[in-house]
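Undergrad: Have a look at this one before I ask anything.
In my numbering, the protein residues as written are 4 to 529.
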C-alpha cells in the first residue's frame with residue numbers, strides 16, 4: 004500500500020485534535036481515526052432509546068455518547084465522538100498548580116515551560132467566566148458556604164470554554180428559549196450561539212455555546228487538509244519499512260469492516276484507557292511493538308475524583324440542572340488543608356443524564372449491587388425534576404497515582420483479553436477523606452444535608468471523570484513509556500499525546516494541561 008499520509012492521529016480529543024491541526028499546518032498529510040461519530044445538535048441523545056452508550060466490546064451495535072468502564076473499586080466515564088473528551092467535559096480549563104511539576108515530572112517540563120502553551124490554548128478555545136449577572140444558584144450556594152467557612156480567599160470563578168452574552172439574564176421572559184442565544188461566527192469560521200444556561204454542557208450544547216474542540220482545533224485541522232474519519236476503531240500499530248501500519252475497524256451498517264493505512268508518524272491520542280489498551284495489545288497480544296517499556300500501564304490515576312450530594316429544602320431553589328455545569332472552584336491545590344492537595348467545584352447534573360445511567364444499568368448490570376443502584380435511580384425518576392433540590396460537589400486532587408492498567412483473560416472466554424485495572428484506595432484514602440470532609444462542611448455551611456453516592460456508600464467505589472496515566476512520561480524506558488515530547492522510547496515517530504502520558508495527577512481539572520502538553524509536543528515534531 005502506498006504511503007498516503009505523513010501522520011495518522013488516533014483519537015480526536017485534547018491531544019489528538021491539537022496534534023492534527025498543528026501537523027496539518029506544517030503541511031503534513033494528516034489522517035484522524037476517531038472511534039465515535041461526528042455529533043451534530045440534532046443527534047445529541049436526549050431521551051431513552053437514543054444513542055447514549057458506546058460499548059467497547061460491541062461498538063458496531065452501540066456507538067453512542069458515553070463510554071462507561073466498570074472496574075473493581077473504580078468507574079471511569081469518558082466520551083466517544085469527534086472532539087473526544089471535550090464533548091462531555093464540564094468546560095473547565097485551568098492551569099495546574101506549579102508544584103505539580105516538581106514531583107514525578109522530567110526536568111524539561113515545568114509550569115513556566117508550559118505557560119506559553121497554556122496561553123495559546125486559552126486563546127484558541129476563547130476561555131471566559133460566567134458574567135456577574137448570570138451567576139447560577141449553585142455558584143451562590145458554593146460562594147456563601149466558602150465565606151461562612153472562612154475560605155473566601157480560596158473561592159473563584161472557574162475559567163470555562165463557553166461563550167456568554169452580557170445581554171442574557173435569568174430575569175428574561177422564558178430565559179431558556181433558544182431565541183435568547185446570540186448567533187455568531189467564531190474566529191475559526193464556525194457558527195455558534197451564546198450560552199442560555201440550558202445545563203447540558205456534558206451532553207452536547209443545543210445552541211453550540213460550548214467552545215469544544217469540534218468548533219476550533221478540529222475544523223482548523225480540516226481547513227488545512229486533515230482528513231477526519233469518524234467511526235474508525237484502531238486495533239493495532241506495526242512498524243513496517245520505516246513507516247507504521249495502522250489496522251482499524253470501520254463501523255458501517257451495524258458491522259465492522261477491517262481496513263489499513265500507513266504513515267511515517269503515528270500519534271496515539273485515544274485517552275488514558277484507550278491509548279494504554281491499544282499499546283498493551285500491540286506489545287502483549289499482537290507482538291507488533293514488543294520493545295514497549297515495562298512501565299506501560301503504570302501510574303494510573305483517577306485524579307482523586309470524589310462526588311457527593313448535598314440535599315436542600317425546596318425553598319433553597321438549587322436549580323441543579325440549569326446553568327453551566329461547573330462555574331465555581333474552591334482551591335486547596337497548595338496543600339493548605341490536612342496537607343492534601345485538592346479542589347472542590349459545584350457540579351451540575353442534567354436530568355437527561357439519568358436516562359443514560361438508567362439505560363446502562365437496565366441493559367448491562369445484573370449484579371445485586373447493580374439492581375440496587377437501579378432501584379435508587381428509579382426513585383429519582385418518579386419526580387419530573389428529580390435533581391431540583393440536590394447539589395453535587397465534585398472533588399479532584401492528588402491521589403497516589405499507583406493504579407495499573409493490564410490485559411486480563413476473560414473468565415468465560417479465556418482465549419480473549421479485556422482491559423483491567425489494578426487499583427486500591429489504600430494510598431489515596433487521605434486525600435479522599437479530606438475532599439469528603441470539605442464537601443460535608445460546605446453542605447452544612449449552606450444549610451444542606453450531606454449524602455454519599457450509592458457507589459461510595461455501598462461499595463467504597465469511586466467514579467472518575469479524569470482518568471490519567473498508563474503511558475507515563477519518563478527519562479528512559481526504565482521509568483516511562485514516552486519522553487518529555489511524547490515520543491515512545493524505542494520507536495521513532497510514534498507518539499502518545501493525551502492524558503495517558505501524565506505521570507502524576509494534575510489536582511485541578513486536567514484538560515488544559517493535556518492540551519498545553521500537546522501544543523508543546525506539536526511544536527517539536529518534524
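Note that CB positions come from ideal geometry on N, CA and C, so glycine has one too.
Please classify residue 251 as buried or exposed, where buried requires at least 16 other C-beta atoms within 10 Å of its C-beta.
TA: Burial call: buried.
Undergrad: So, are the CB atoms of residue 253 and residue 234 less than 8 Å apart?
TA: Taking 8 Å as the Cβ cut-off, residue 253 and residue 234 qualify as a contacting pair.
Undergrad: According to the neighbour-count rule (16 or more other Cβ atoms, all chains shown, within 10 Å of its Cβ), is residue 509 buried or exposed?
TA: Counting Cβ neighbours within 10 Å, residue 509 comes out buried, since at least 16 surround it.
Undergrad: Where does residue 44 land, buried or exposed, given buried means 16+ other C-beta within 10 angstroms?
TA: Burial call: exposed.
Undergrad: What is the DSSP secondary structure of residue 224, reduced to helix, strand or coil?
TA: Here residue 224 sits in helix by DSSP.
Undergrad: Using CA coordinates, which residue listed in 139, 328, 52 is at the minimum distance from residue 66?
TA: The shortest C-alpha separation from residue 66 is found at 52.
Undergrad: Go through the stretch 70 to 96 residue by residue and report every complete run of the beta strand (DSSP E) that reaches 3 residues or more, in order.
TA: Those beta strand (DSSP E) runs which fall completely within the stretch 70 to 96 and span 3+ residues are 77 to 82.
Undergrad: Might you give, ordered along the chain, the residues of its own chain that have their beta carbon closer than 7 Å to the beta carbon of residue 5, omitting 5 neighbours on each side?
TA: Low local confidence applies: a pLDDT of 47 at residue 5 is under 50, so the model's placement there is unreliable, and no value is given.
Undergrad: Given this structure, state the Cα-to-Cα distance separating residue 393 from residue 308, to the nearest angstrom.
TA: Those two C-alpha atoms are separated by around 19 Å.
Undergrad: So for residue 229, helix, strand or coil by DSSP?
TA: Residue state, collapsed to three classes: coil.
Undergrad: Is the number of C-beta pairs between the stretch 119 to 135 and the stretch 273 to 292 that are closer than 8 Å three or more?
TA: No, because fewer than three Cβ pairs between the stretch 119 to 135 and the stretch 273 to 292 fall closer than 8 Å, the two stretches do not touch.
Undergrad: What did DSSP end up calling residue 195 once you bin it into helix, strand or coil?
TA: It is a strand residue.
Undergrad: So what does DSSP say about residue 159, is it helix, strand or coil?
TA: If DSSP states are grouped into helix, strand and coil, residue 159 belongs with the strands.
Undergrad: So the alpha helix (DSSP H) residue 527 belongs to, where does it begin and stop?
TA: Where residue 527 is concerned, the enclosing alpha helix (DSSP H) stretches over 514 to 527.
Undergrad: Pop quiz: residue 70 and residue 59 are said to be a contact at Cβ under 8 Å. What is the actual Cβ separation, rounded to whole angstroms?
TA: Sure, about 6 Å apart at Cβ, within 8 Å.
Undergrad: If you drop the 5 nearest sequence neighbours on each side, which residues of the same chain put their C-beta closer than 8 Å to that of residue 201?
TA: Counting only Cβ-Cβ distances below 8 Å, and skipping sequence neighbours, we find 179, 208, 209, 210, 325.
Undergrad: If you drop the 5 nearest sequence neighbours on each side, which residues of the same chain put their C-beta closer than 7 Å to that of residue 231?
TA: 15, 35, 37, 85, 221, 225.
Undergrad: Assuming residue 349 contacts residue 141 under a Cβ cut-off of 8 Å, what Cβ separation, rounded to an integer in Å, is found between them?
TA: About 4 Å; that satisfies the 8 Å criterion.
Undergrad: Is the beta carbon of residue 304 closer than 8 Å to that of residue 406?
TA: Cβ distance < 8 Å, so residue 406 and residue 304 count as in contact.
Undergrad: What is the residue span of the alpha helix (DSSP H) that residue 444 lies within?
TA: Here the alpha helix (DSSP H) through residue 444 covers 432 to 448.
Undergrad: Is the separation between the beta-carbon of residue 516 and that of residue 99 shorter than 8 Å?
TA: Yes, they are a contact pair.
Undergrad: Evaluate residue 279 with the Cβ neighbour count: other Cβ atoms within 10 Å of its Cβ, from every protein chain shown; 16 or more gives buried, anything less gives exposed.
TA: Its Cβ being crowded by 16 or more others within 10 Å, residue 279 is buried.
Undergrad: Kindly identify the DSSP beta-bridge partner or partners of residue 535.
TA: The question about residue 535 has no answer here: the residues shown for the chain are numbered 4 through 529.
Undergrad: Reducing DSSP to helix, strand and coil, say where residue 45 ends up.
TA: Residue 45 falls in the helix class under three-state DSSP.
Undergrad: Please report the distance separating the alpha-carbon of residue 39 from that of residue 199.
TA: Each residue's alpha carbon lies about 27 Å from the other.
Undergrad: Return the chain-ordered list of same chain residues with a C-beta closer than 7 Å to the C-beta of residue 296, the five sequence neighbours on each side being excluded.
TA: Correct list, in chain order: 480, 483, 484, 492.
Undergrad: Is the stretch 130 to 139 in contact with the stretch 106 to 116, if contact means three or more CB pairs nearer than 8 Å?
TA: No: the two stretches stay apart, fewer than three of their Cβ pairs being nearer than 8 Å.
Undergrad: Rounded to whole angstroms, what is the Cα-Cα separation between residue 387 and residue 214?
TA: Caution applies to residue 387, whose pLDDT of 47 falls short of 50 and renders its modelled position unreliable; the model cannot decide the point.
Undergrad: Any contact of the stretch 486 to 500 with the stretch 263 to 281, i.e. 3+ C-beta pairs under 8 Å?
TA: With the cut-off at 8 Å, the stretch 486 to 500 and the stretch 263 to 281 touch.
Undergrad: For residue 246, does the three-state DSSP call read helix, strand or coil?
TA: Three-state result, residue 246: strand.
Undergrad: On the DSSP letters alone, give me the boundaries of the beta strand (DSSP E) that residue 312 sits inside.
TA: Counting along the chain, the beta strand (DSSP E) containing residue 312 begins and ends at 309 to 314.
Undergrad: What's the gap between the Cα of residue 533 and the Cα of residue 275?
TA: Limits of the chain in this structure are 4 at one end and 529 at the other, which puts residue 533 out of reach.
Undergrad: Taking the alpha carbon of residue 116 as the reference point, which residue from 524, 12, 322 has its own alpha carbon closest?
TA: Answer by Cα proximity: 524.
Undergrad: Closest to residue 243 by CA distance: which of 263, 219, 519 is it?
TA: With distances taken between Cα atoms, residue 243 lies closest to 263.
Undergrad: Residue 193 and residue 166 - do their beta-carbons sit closer together than 8 Å?
TA: Taking 8 Å as the Cβ cut-off, residue 166 and residue 193 do not qualify as a contacting pair.
Undergrad: Please go through the same chain and pick out, in chain order, the residues whose beta-carbon is closer than 6 Å to the beta-carbon of residue 396, but skip the five residues on each side of it.
TA: Result list for residue 396: 311, 347, 442, in chain order.
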